[in-house]
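Step one of this worksheet: look at the structure below.
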Amino acid sequence: MGTLTNLERTQAHFQTTRWSLVARLHHGDEADRSRAFEDLARTYWPPVYAYLRAKGLSRDAASESTQAFFADVVIGRELIATAHGGRLRALVRTAVQRYVIDLARRERVRGGDQPKIPINPETADTLVAAAAGIEPDAAFEKSWATAIVREAARRCEAHFRDTGKPGHWEAFEAQVFLPICAHVAPVPLAQLAARFNTRTPADIGAWIQVVRKRFQTLIQEVAAETADSEPAARDEYDAVRLALGS
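Counting in the numbering used here, the sequence shown runs from 2 upward without gaps.
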């Protein structure tokens, strides 16, 4: 039998993680629901925040409104609990569009007993810079795609560190990931070979190819976790690539 493609692996993985984030929020115990909400917030606060900034809110106002959106809409109105299929990205984007209309109509007060979304100011500023000059919907899409990639990177790094191959990730990060995401010069393969005491730069190149394949698969898997069908999962992956211009 031939080897599976990355997309085929993702489709197989999808059978066990079918809209898994939503399933955990619906059916998990209290601890699992709490972790699922943290995962939801980690992926979706960046696009919500970027959308609000693109709508003209200040940094502080967008931060507070992002907190309020998750408390009032995602939790208070049970946004996810009322979802029955579809793409989570589209669901959240539509909800925040409507929420902006609510903001224009009345003052919002967030309850003090709601979980607080960990908004990182540096990440928030990076999002605003990346989305500068584009429409709010496009800002949402680009920030959503970036959050998907960041989550895939987090999982990818954890995988290689947990399997005793931290150098594989660090080489990929220095040669590929940071040059793309942080716009820094890639570290030459020869320099990385010296750093990791490998025989040749070709060894580092082989490491990077291993990580690249794993990373691409993880991007597909993370995108698939918020879709409700295999075609939707493919569409979400394509949306990530489109939003990031890849």
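Just so it is clear, CB atoms sit at the ideal spot from N, CA and C, and this is done for glycine as well.
In this text the structure is predicted, and so the values were computed from the model without any measurement.
Beta-carbon proximity of residue i to residue j, cut-off 8 Å
i, j, result
"residue 55", "residue 148", "no"
"residue 49", "residue 93", "yes"
"residue 245", "residue 146", "yes"
"residue 233", "residue 144", "no"
"residue 227", "residue 89", "yes"
"residue 161", "residue 167", "yes"
"residue 194", "residue 201", "yes"
"residue 71", "residue 42", "yes"
"residue 176", "residue 188", "yes"
"residue 216", "residue 159", "no"
"residue 169", "residue 212", "yes"
For residue i, three-class secondary structure by DSSP
i, result
"residue 31", "helix"
"residue 233", "helix"
"residue 227", "coil"
"residue 54", "helix"
"residue 172", "helix"
"residue 215", "helix"
"residue 110", "Low confidence applies here, because residue 110 scores a pLDDT of 46, under 50, leaving its location unreliable and the question unanswered by this model."
"residue 91", "helix"
"residue 242", "helix"
"residue 74", "helix"
"residue 187", "coil"
"residue 44", "helix"
Terminal residues of the alpha helix (DSSP H) in which residue i lies
i, result
"residue 179", "179 to 182"
"residue 158", "137 to 163"
"residue 66", "60 to 70"
"residue 195", "190 to 197"
Rounded Cβ spacing between residue i and residue j (contact assumed at less than 8 Å)
i, j, result
"residue 219", "residue 156", "5 Å"
"residue 240", "residue 136", "Contact doesn't hold; Cβ gap of about 16 Å is too wide."
"residue 74", "residue 96", "5 Å"
Cβ-heavy atom distance, residue i to the ligand FMN, below 7 Å
i, result
"residue 187", "Within the structure as shown, the ligand FMN is missing, as the structure has no ligands at all."
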